[in-house]
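One structure is given below, encoded as structure tokens.
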Amino acid sequence: MERGPTKVEIVPSEAFTLLNEEMEHGDEVGFDDLEKALKDGLITRIEYENLEKRLKLQMESIKAGLTSAGIKMREDISRLENDAVTGLLKHEALNQRLEHLLSELNHPNKLERREPHLHAIMVFFMDLDNLKGWNNFSREAGDKALKTLVQSVQNVSHDGGAMFRRGDQSDEIIFILRIEREVSDDVLEKDVLNRVKSAANSGFVEVDGQKLPVTAAVGSLIIRPGDTRNASEILRDADKKQDEDKKTPGVKEARIKAAKARLI
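Be aware that the sequence shown starts at 31, since it is given in the working numbering, and climbs by one per residue.
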């Protein structure tokens, strides 16, 4: 009895799968990346030709303004929308962004890319002091206080980063910062954390001709490669840090007193 030819299953290389996923998600992939992967033996010639063909089609679509990434981005923006008060993305986008950064942090150098290497992630959890009191003046005063907090932190965030509001009625702001240089936790806490804390307590809102300080409790975490927590667990722990800052006896009072003194 004759047997038919044996079916051989061709398993794509890890690099081919990774490049395919990045192109699917709209991440920046260039011909140089494909050529380097081929030269380094990370993908086969056939895989290179398949990826090259797909990249050419994507570039043609870009010219027509019809890339799948562009369509997906418009759909995401339409679905998530920005917070009406602060202009920040809402909480729905937060977990997705953080999980993406965690993946980049914990799986470096699968392919050598042009962007700076990610050494750590800092997550700041900020809670505006006394939002209810601000809203007792007026809803507009509460909105101004929240916007002032956001703008103050953005003004010192020279390294970039992403900010999110936790909910439509929330007084909580989350700030995620990429750390793209070798630096110790002590330096990050003394430099970056203190800078963010100072900014979060530097603004003011004028109500009925009176300048009132805007202050906030700030908790932070430094995430290093090898951290096994997911996005939800990291946000939970950052919230606990913020809660400690808010509830430690005398800390809130001292924060508000110092902020008032700066306005005199």
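Positions of the beta carbon are idealized from the N, C-alpha and C atoms, including for glycine.
- Across the structure, glycine 239 and aspartate 201 are spaced so that their CA atoms are roughly 24 Å apart.
- Between the alpha carbons of leucine 218 and lysine 174 lies a distance of about 30 Å.
- For arginine 127, the three-state secondary structure derived from DSSP is helix.
- When DSSP states are grouped into helix, strand and coil, asparagine 166 belongs to the helix group.
- Note on phenylalanine 234: 16 or more other CB atoms within 10 angstroms of its CB, so buried under the neighbour-count rule.
- The alpha carbon of leucine 176 has as its nearest neighbour, out of Gly191, Ala192, Gln199, the alpha carbon of Gln199.
- Of Leu179, Glu54, Asn224, Thr278, the smallest CA-CA separation from proline 243 is found for Leu179.
- C-alpha of proline 255 to C-alpha of lysine 276: approximately 29 Å in a straight line.
- Take leucine 135, set aside five residues on each side of it, and the residues of its chain with a beta-carbon closer than 7 Å to its own are Leu148, Ile151, Ile253, Pro255, in chain order.
- Counting only residues of its own chain and dropping the five nearest sequence neighbours on each side, aspartate 221 has no CB closer than 7 Å to any other CB.
- At the C-beta level, valine 226 and phenylalanine 194 stay beyond 8 Å of one another.
- When the alpha-carbon of asparagine 231 is set against those of Leu158, Tyr78, Leu87, Gly71, the nearest one is in Leu158.
- Non-local C-beta neighbours of lysine 241 in its own chain, meaning closer than 8 Å and more than five positions away in sequence, comprise Phe234, Val235, Leu293, ordered along the chain.
- Distance from the CA of arginine 211 to the CA of alanine 246, rounded to the nearest whole angstrom, comes to 28 Å.
- Selection Asp70, Arg75, Lys69, Asp57 evaluated against methionine 89 yields Asp57 as nearest (Cα-Cα).
- Scanning Asp257, Ala288, Lys69 for the CA closest to the CA of leucine 131 turns up Asp257.
- According to DSSP, residue pairing for glutamate 236 in a beta bridge involves Lys241.
- By the Cβ neighbour-count rule, arginine 196 is buried, with 16 or more other Cβ atoms within 10 Å of its own.
- Here the alpha carbon of aspartate 215 sits roughly 20 Å from the alpha carbon of alanine 192.
- Ranked by Cα distance from alanine 229, the options Leu85, Asp113, Ala288, Ala261 are led by Ala288.
- For a cut-off of 8 Å, the C-beta gap from alanine 171 to valine 237 is around 5 Å, short enough to register as a contact.
- Counting along the chain, arginine 208 sits inside the beta strand (DSSP E) bounded by residues 202-209.
- Annotation: the continuous beta strand (DSSP E) that includes valine 153 extends over 150-158.
- In the assembly as shown, aspartate 62 is an exposed residue. Its beta-carbon has fewer than 16 other beta-carbons within 10 Å.
- Note that the C-beta distance between proline 42 and glutamate 82 is not below 8 Å.
- Valine 248 sits in a strand when the DSSP states are folded into three classes.
- Selection Ala45, Gln126, Ile209 evaluated against leucine 265 yields Gln126 as nearest (Cα-Cα).
- Annotated three-state conformation of asparagine 231 is coil, per DSSP.
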